[in-house]
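J.: Before we start, here is the structure in question, set down as structure tokens.
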Amino acid sequence: RLVADLNLPIEVVAQPTVRDTDGLALSSRNVFLSPAERAIALALPRALAAGAAAHRSGGDPVAVARSALEAERGFTVDYVALADFAVPTLAAAVRVGGTRLIDNIPLS
């Protein structure tokens, strides 16, 4: 949106999030997670997937993802939000131990 608002002569091309085999989004921050914290962090992509499934069936993706995250232990939810991009995107941030993790999933 910034590119369009400022009439910049560039094109932003969105790409899928690259994930590890366990589903966690790849991030330089992942190295700060202990094995136990990494296991806890896997609730983030699961919650976003649940939100996306709710969206496909007419439900509220933010409420479903937030509820799934709040049902878990071991982390703090910073936010769960629906971003108004060309393709609506469900995004969330959580803190696991001292590590802040962010993730998102397009709702198409």
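With this note's numbering applied, the sequence shown covers 6 to 113.
Note that beta-carbon positions come from the ideal geometry of N, C-alpha and C, so glycine has one too.
All values derive from a computational prediction rather than experimental measurement.
Helix, strand or coil: which one does DSSP assign to Leu13?
T.: coil
J.: Would you kindly work out how many angstroms separate the C-alpha atoms of Thr26 and Ala9, rounded to a whole number?
T.: 35 Å
J.: Have a look at Pro93 and Ala76 and give me their C-alpha separation to the nearest angstrom.
T.: 25 Å
J.: I'd like to check one pair, Thr81 with Glu42: are the Cβ atoms closer than 8 Å?
T.: no
J.: Is Ala30 closer than 8 Å to Asp108 when the C-beta atoms are compared?
T.: yes
J.: With distances taken Cα to Cα, identify the nearest neighbour of Leu106 among His60, Pro50, Ser62.
T.: Pro50
J.: Tell me the DSSP bridge mates of Ala30?
T.: In the DSSP output, where bridge partners are listed per residue, Ala30 has Arg24.
J.: Please identify the residue among Val67, Leu95, Arg6, Ala58 whose C-alpha is closest to the C-alpha of Val18.
T.: Arg6
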